[in-house]
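Participant: Remember, our numbering sits 569 above the position in the sequence shown when you count from 1.
Questions regarding the structure given below will be posed in turn.
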Amino acid sequence: MGDFILETKGLTKRFGGFTAVNKVNLQIERGTIHALIGPNGAGKTTFFNLLTKFITPSSGQILYNGEDITRWEPAEIAEHGIIRSFQISAVFPHLTALENVRLSLQKRLNVSYQFWRSARVLASLNDEAMQRLDQVGLKRYADLHAVELPYGRKRALEIATTLGLEPELMLLDEPTQGMGAEDVGQVSDLIKSVSVGRTIIMVEHNLGVVAKLADRITVLNRGEVLAEGGYEEVSKNPEVMEAYMGVTAEEASA
Ligand SMILES: Nc1ncnc2c1ncn2[C@@H]1O[C@H](COP(=O)(O)OP(=O)(O)OP(=O)(O)O)[C@@H](O)[C@H]1O
Ligand SMILES: [Mg+2]
570 MGDFILETKG LTKRFGGFTA VNKVNLQIER GTIHALIGPN GAGKTTFFNL
620 LTKFITPSSG QILYNGEDIT RWEPAEIAEH GIIRSFQISA VFPHLTALEN
670 VRLSLQKRLN VSYQFWRSAR VLASLNDEAM QRLDQVGLKR YADLHAVELP
720 YGRKRALEIA TTLGLEPELM LLDEPTQGMG AEDVGQVSDL IKSVSVGRTI
770 IMVEHNLGVV AKLADRITVL NRGEVLAEGG YEEVSKNPEV MEAYMGVTAE
820 EASA
């Protein structure tokens with residue numbers, strides 16, 4: 570038996586009469602990169618929202634390190650190390666890269682405004698923020714405002730602010746979305762490097778990135794698990810191919 574950091578059992582979310590996530594049983598092995606893929610509307614983002622308690626499950630269970638966290642509040646989830654990368658818009662555009670990371674550290678330390686204003690605390694936060702920037706290759710951009718960063722570097726900044734919260738389990742929803750090939754390469758390398766010593770669950774449409782990074786893949790379709798396994802296995806699965814081609818055909822006729 571594997572060492573699972575996260576398990577869902579029969580996890581279900583209904584919106585009125587519509588079931589967006591349907592009895593999903595998932596096991597995420599500690600220390601791996603696990604990709605969640607599937608056509609548009611498959612329920613991937615809803616599944617993430619259930620894990621971070623952004624929305625409440627209709628039924629089923631979520632276990633984290635063996636503990637039932639189904640009824641936990643979002644803040645408790647974050648305090649225990651489950652951190653979702655923010656949307657780009659959540660990086661403050663008119664703060665510098667350094668200030669953005671420092672802010673995430675202040676949030677983690679949960680210290681009062683008066684306290685962290687003291688010069689000593691601020692200096693120690695600056696040191697740590699600089700380390701985080703260095704970790705994602707942004708050291709030389711420290712004093713640039715977030716708005717001035719190239720697109721791929723903004724994503725790196727977003728990941729740096731997530732690292733500041735010391736995640737044990739990182740959830741990344743389409744980290745390479747909207748990027749050109751060069752940025753995709755850089756951000757995938759970055760994800761690989763920050764995956765050391767932690768677990769990552771990522772929703773990703775770019776199958777090249779999935780092939781390169783994911784230790785294991787779960788395919789969702791219409792809210793249900795359609796297939797699971799390594800890339801070779803999953804990409805050859807006829808049901809998976811059909812699910813993807815179905816969407817392509819619809820999109821083509823739209
Ligand atoms: N708050 C909501 N109320 C009603 N329906 C919702 C709500 N959130 C999501 N849905 C529906 O649930 C289904 C799954 O949506 P979800 O966003 O989880 O899909 P996804 O797999 O992330 O898709 P994409 O690849 O396009 O991001 C969709 O049909 C969506 O319209
Ligand atoms: Mg989505």
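Every residue, glycine too, gets a C-beta built ideally from N, C-alpha and C.
In this text, all values refer to a predicted model and were calculated from it rather than measured experimentally.
1) How many Å lie between A589 and V794 at the Cα?
2) Between which two residues does the alpha helix (DSSP H) carrying T787 extend?
3) Any chance you could list the alpha helix (DSSP H) runs of at least 4 consecutive residues sitting entirely within the segment 723-780, in chain order?
4) For Y800, write down the residues that DSSP places opposite it in a beta bridge.
5) Check whether the Cβ of K613 lies closer than 7 angstroms to any heavy atom of ligand 2, and answer yes or no.
6) Determine the direct distance from the alpha carbon of S687 to that of A783, and round the result to whole angstroms.
7) Among I624, V772 and D637, whose alpha-carbon lies nearest the alpha-carbon of E743?
8) Once DSSP output is grouped into helix, strand and coil, what is the label at E717?
9) Residues in its own chain within less than 6 angstroms of Q755 by CB, not counting five upstream and five downstream?
10) Could you please give me the residues that DSSP links to H603 through a beta bridge?
11) Pull the bridge partners of F573 from the DSSP assignment, please.
Facilitator: According to the structure data:
1) 12 angstroms
2) Looking at the DSSP string, T787 is not in any alpha helix (DSSP H); the run it does join, the beta strand (DSSP E), is R785 to N790.
3) 750-763
4) Answer is none; Y800 lacks a bridge partner.
5) yes
6) 43 angstroms
7) V772
8) helix
9) G721
10) I770 and R785
11) E598
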